[in-house]
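For reference, the structure discussed in these notes is given below.
Protein chains: 2
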Amino acid sequence: MAPASAPLQLYDATLRDGMGGGGMSLTADEKLRVVHALDGLGVHLIEAGFPSSNPKERELFDLLSRESLQTSEVVAFGMTRRRDVAADADEGLRVLAESFAPVCTLVGKSSVLHVEKVVRASREENLAMIGESIAFLGAQGKRVLFDAEHFFDGWALDCDYALETVRVAARAGAERVVLCDTNGGSLPHQVQEVVEAVRASVPDVALGIHTHDDAGCAVANTLVAVAAGATQVQGTINGIGERTGNANLVTIAADLQLKLGYDVLASERLARLTETAHLIDELLNRAPNPAQPYVGKHAFAHKAGLHAAGVRADASTFEHVDPDLVGNHRDVLVSELSGRATVIEKAAEAGIDLDEDAAARAVERVKQLEHEGFQFEAADGSFELLMRRESEAYEPLFRLESWRVIVEKRADGHVETEATIKIWAPPGPDEQRYVSTAEGNGPVNALDNALREAIGATHPHLRDIELVNFKVRILDEAKGTGAVTRVLIDASDGQRVWGSIGVSENLIAASWDALVDSLEVGVQAVRERAT
Amino acid sequence: MAPASAPLQLYDATLRDGMGGGGMSLTADEKLRVVHALDGLGVHLIEAGFPSSNPKERELFDLLSRESLQTSEVVAFGMTRRRDVAADADEGLRVLAESFAPVCTLVGKSSVLHVEKVVRASREENLAMIGESIAFLGAQGKRVLFDAEHFFDGWALDCDYALETVRVAARAGAERVVLCDTNGGSLPHQVQEVVEAVRASVPDVALGIHTHDDAGCAVANTLVAVAAGATQVQGTINGIGERTGNANLVTIAADLQLKLGYDVLASERLARLTETAHLIDELLNRAPNPAQPYVGKHAFAHKAGLHAAGVRADASTFEHVDPDLVGNHRDVLVSELSGRATVIEKAAEAGIDLDEDAAARAVERVKQLEHEGFQFEAADGSFELLMRRESEAYEPLFRLESWRVIVEKRADGHVETEATIKIWAPPGPDEQRYVSTAEGNGPVNALDNALREAIGATHPHLRDIELVNFKVRILDEAKGTGAVTRVLIDASDGQRVWGSIGVSENLIAASWDALVDSLEVGVQAVRERAT
């Protein structure tokens, strides 16, 4: 059992508890990207889900078993055995035992109300369910965490019984007992009191804390639990989760590290906090909350005038922490110079030769495009092209004359899609006109097919480029289908994945722009390597 | 001076501090609606702004001076006098003195850092600015609140000076001193410590608390300050405000009343909490946060299955408070696990008569559609239609013959979109054929326009239905643009908002299905009301 003085652990529940939020859904491949992002951030434990509650989860665990992670361990999640069934005969526990994951979290009841009304078991049987399930997985070589569900509500009803579930779990070999405020209604003084009481009663048990935001106190409840002796904090990225969400692990990590002096993340990893938070929102097709502590676009925004002047005089006058520490930036003080330095750095990374003037033009272009609704955080490919277009060496793939897409639902119910493009390539005195028409199972697919048909012979590398993701968001939601549309496409050539973006009133026009960027980034990279 | 044991006051800063958030703007008439909503809720003090910082504010104060409010008092906000100017010669203070508002809040510096770097005054002059400004407004017959800006950061730098600003304000006649965590970076244990220390040092001064959410603890910081003796809480509705926002007064009011036993709002007024929070979001043209504590659409949502069964058995198993108390309601999310009981319950809510067999068919249909990629959690409208289609009474809007969309980027760079639909309506022996063509700024907009043109005359209610949101997601990212597309549309008739969904390989076909559901839900609701 880990000593209570062990370093603080971050436990991410985004892929399991987080998915309980309305409209949350990720494919197995997207979940794998989340896992790598969390590993890169340096989270200690990643709860990936229940290994076989459905084919998608099974696929994820198959994928994960073949990955190697730098900093994180994968956790499989499940429940204590069913009532009146032997642990080794419980299907769920067998699935956990057979999973590759070295750590299992088992959730069980600590509240007499839930034992009685939901599980409908005797109090003794519930304790046996907890103890035998943990012991079974331990005997199978797993490290086991016990999520003590409804612990705080249960404490209020019968603190002796709640405490007994902790003792039983510890005796059965649980590495840690996680006190869960499952309904999220507890306030900081209550959490503090209960965690302190548990520490005093069972000082040898390592504790964790798992809170929800139903009373708007999930982050504070986590912090007071840590002060009271919990050494693992559970939460989700951006606080996603059922109802009002789980504790926001992004805020908690920054509070612990920057304000309370805990060493939870190496500083170069903490600087990925903003990027990681945004990536996971993008994968979930959620608009990142601009007001989110630490990582929101407005988190360090200052109004012109007094505040901005104060910040210029001494940033600590109007900023609680340095935004760089969490990979965010100040909004009013992004001077052109610092912008230019970043662009030159980014260009060098991508092997693009940009002088000061070209970098200044690129900075202006970014500002203008962001004003129009572009956002380059998830569109590194388009950003690379934007810089490339300001360099001397830039050569476009082709010159567009026109394109047309027809989508038709015929009287027989069949849907047909056809795209025609007219382009000139390669641009220059010897350019030739190409007209090609292709079908597709959707408008963007048809345009993609037609474009590849037209220039595929000149750019054989296009065959290796695959579009792997396609996302659409409406920017001014108040205007419904008449609003500006932002399309994000991820493409891959098998070696790297890049994002591209298109913004237009017209969904198809935005898609076309993102599509052309996608293909061009891949072709330019090959050109670069060839020269 | 109010005794420290005075009842707790709610002080709303939505119309002043809240307006500092990005993109916040309200007309004077809209602000008046906010004031009446806050008065209806029972907030004690409403900070309306600075009476003449601009013509809009002046207009608001003119309007307000002619209103009578039931429960709230209007507060005018301003700053302490300028450096080296007599209070009665300070233009800002004269404006406040002349305002009709009975209460004035004056903000001044309590941190030596700000006195030195921002005001650039001596410490003595800053104390004189505070004392003389308060005394001047007091002599003019105003009740004065002193907002001690940057109090907590200032305390850390020089607690004696911070305390001296409180003493000076009290001696000058301030009714209350409000301790402000202006940069929002404080944590609960710090706020508690400081408020307790201030109470101990100046026990006769009534205190208030004003926090921001930069460390994710604004609500908790407010609650601990109250526990430590603050008797006024300042915040904004839905936590709007600069950067990460102010403390959310909605959450705080509910926490104080329902969990801590303070009598801040009469219970019939607390039941307006959800409605008030949404109204103010609507006025600000913000989409209400579905995850917001107490008032969010998902705040009391449960996934079907174990949770839903628990809630049916005893709501306290999975709900921290009764949603009725804050004017919200329980919502059961439809998911793959949903059973017949949930469907029958949902149907009853929507006023649809479903027998056991029809419910069973609906459940089967949901399972099949979810397998194909449908997801009804965010598509309550489509789910309602799905149930309706299994009932005897269902009548579709029309019978589709065919549709066609053409999107063209012409050689001159212009993008044109045109949709043609051919339908038969109303379905039955007398059906007639309608052919209509419309343009749009995108393919879905064009289809929407064409469909409304075809059936708008028969269904005049369509005019009231607006598409307010449109989201696209690719379900199997590995297939890129060749993958299955899920489209979600939110529509509104000004009274309610509903979601609809379409899933297809083809983006336009998926959009069409979601679009037709959107319009049909609205029309069916009117039919329902008519029968």
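Sequence lines, in order, name chains Y and W.
So for the first sequence, my numbering puts the first residue at 1; every next one is plus one.
So for the second sequence, my numbering puts the first residue at 1001; every next one is plus one.
Virtual Cβ for every residue (Gly too), placed ideally from N, Cα, C.
In this text, all values refer to a predicted model and were calculated from it rather than measured experimentally.
With a CB to CB cut of under 8 Å and the five nearest residues on each side skipped, what residues in its chain are close to residue i?
i	result
Q432 (chain Y)	W424 and A425
R1058 (chain W)	P1051 and S1052
A1128 (chain W)	none
V1118 (chain W)	K1109
R1143 (chain W)	P1102, V1103, C1104 and E1175
T1353 (chain W)	Per the sequence shown, the amino acid found at residue 1353 (chain W) is Asp instead of Thr. These residues qualify, in order along the chain: A1347, S1391, E1392 and A1393.
In whole angstroms, give me the CA-to-CA distance for residue i and residue j.
i	j	result
M1079 (chain W)	L1106 (chain W)	5 Å
A76 (chain Y)	L249 (chain Y)	19 Å
D387 (chain Y)	L397 (chain Y)	According to the sequence provided, residue 387 (chain Y) is Met. The question's Asp does not apply to it. Straight-line Cα distance between these residues: approximately 16 Å.
I1534 (chain W)	A483 (chain Y)	Residue 1534 (chain W) is absent from the model: chain W starts at 1001 and stops at 1531.
R1082 (chain W)	S267 (chain Y)	42 Å
D448 (chain Y)	I421 (chain Y)	10 Å
V1178 (chain W)	E67 (chain Y)	54 Å
V194 (chain Y)	L1258 (chain W)	20 Å
K297 (chain Y)	L1284 (chain W)	19 Å
L41 (chain Y)	N238 (chain Y)	14 Å
R496 (chain Y)	G1381 (chain W)	41 Å
Q375 (chain Y)	V1363 (chain W)	41 Å
N469 (chain Y)	L515 (chain Y)	11 Å
L1507 (chain W)	Y1434 (chain W)	24 Å
T27 (chain Y)	G1373 (chain W)	11 Å
A1013 (chain W)	T71 (chain Y)	44 Å
P1055 (chain W)	D1029 (chain W)	13 Å
R365 (chain Y)	R340 (chain Y)	12 Å
N1441 (chain W)	R1410 (chain W)	14 Å
R527 (chain Y)	L400 (chain Y)	21 Å
R123 (chain Y)	G21 (chain Y)	31 Å
N445 (chain Y)	E418 (chain Y)	9 Å
W1155 (chain W)	A1172 (chain W)	21 Å
K479 (chain Y)	C1217 (chain W)	Confidence is the limiting factor: at K479 (chain Y) the pLDDT is only 44, short of 50, which leaves the residue's position unreliable, though a coordinate-based value still follows. Distance between the alpha carbons of K479 (chain Y) and C1217 (chain W): 34 Å.
E520 (chain Y)	V35 (chain Y)	29 Å
What three-state label does DSSP hand residue i in the structure shown?
i	result
D17 (chain Y)	helix
C1217 (chain W)	coil
T458 (chain Y)	coil
R83 (chain Y)	coil
V35 (chain Y)	helix
Q1524 (chain W)	helix
V497 (chain Y)	strand
V1484 (chain W)	coil
R388 (chain Y)	helix
F1374 (chain W)	coil
L1354 (chain W)	coil
V295 (chain Y)	coil
L1400 (chain W)	strand
E57 (chain Y)	helix
Can you find the residues in the same chain that come closer than 7 Å, C-beta to C-beta, to residue i, ignoring five residues on each side of it along the sequence?
i	result
L10 (chain Y)	V43, H44, V233, L249, A253 and V264
P1007 (chain W)	D1263
C159 (chain Y)	none
Rounded to the nearest angstrom, how far is the Cβ of residue i from that of residue j, given a contact under 8 Å?
i	j	result
D1493 (chain W)	D1464 (chain W)	5 Å
F1300 (chain W)	E1319 (chain W)	6 Å
T317 (chain Y)	H1212 (chain W)	At roughly 14 Å, the Cβ-Cβ gap does not stay under 8 Å, so T317 (chain Y) and H1212 (chain W) are not in contact.
L223 (chain Y)	L1187 (chain W)	6 Å
F152 (chain Y)	Q190 (chain Y)	7 Å
Might you give, ordered along the chain, the residues of its own chain that have their beta carbon closer than 6 Å to the beta carbon of residue i, omitting 5 neighbours on each side?
i	result
K31 (chain Y)	L15 and L60
P1203 (chain W)	none
Can residue i be considered in contact with the ligand SAM, in the sense that its beta carbon sits closer than 6 Å to one or more heavy atoms?
i	result
R33 (chain Y)	The ligand SAM is not among the ligands present in this structure, which contains no ligands whatsoever.
At 8 Å on the CB atoms, spell out the chain C contacts of residue i, in chain order.
i	result
E1401 (chain W)	Among the protein chains of the structure shown, namely Y and W, there is no chain C.
Quick one: complete beta strand (DSSP E) runs, 3+ long, within the region 1196 to 1272 of chain W? 1207 to 1211 and 1232 to 1235
Counting only runs of 3+ residues fully inside the region 1405 to 1440 of chain W, write out the beta strand (DSSP E) ranges in chain order. 1415 to 1425 and 1432 to 1439
Which residue spans inside the region 1104 to 1147 of chain W form an unbroken beta strand (DSSP E) run of at least 3? none
If you scan the region 144 to 189 of chain Y from start to end, which runs of the beta strand (DSSP E) of 3 or more residues do you find wholly inside it? 176 to 180
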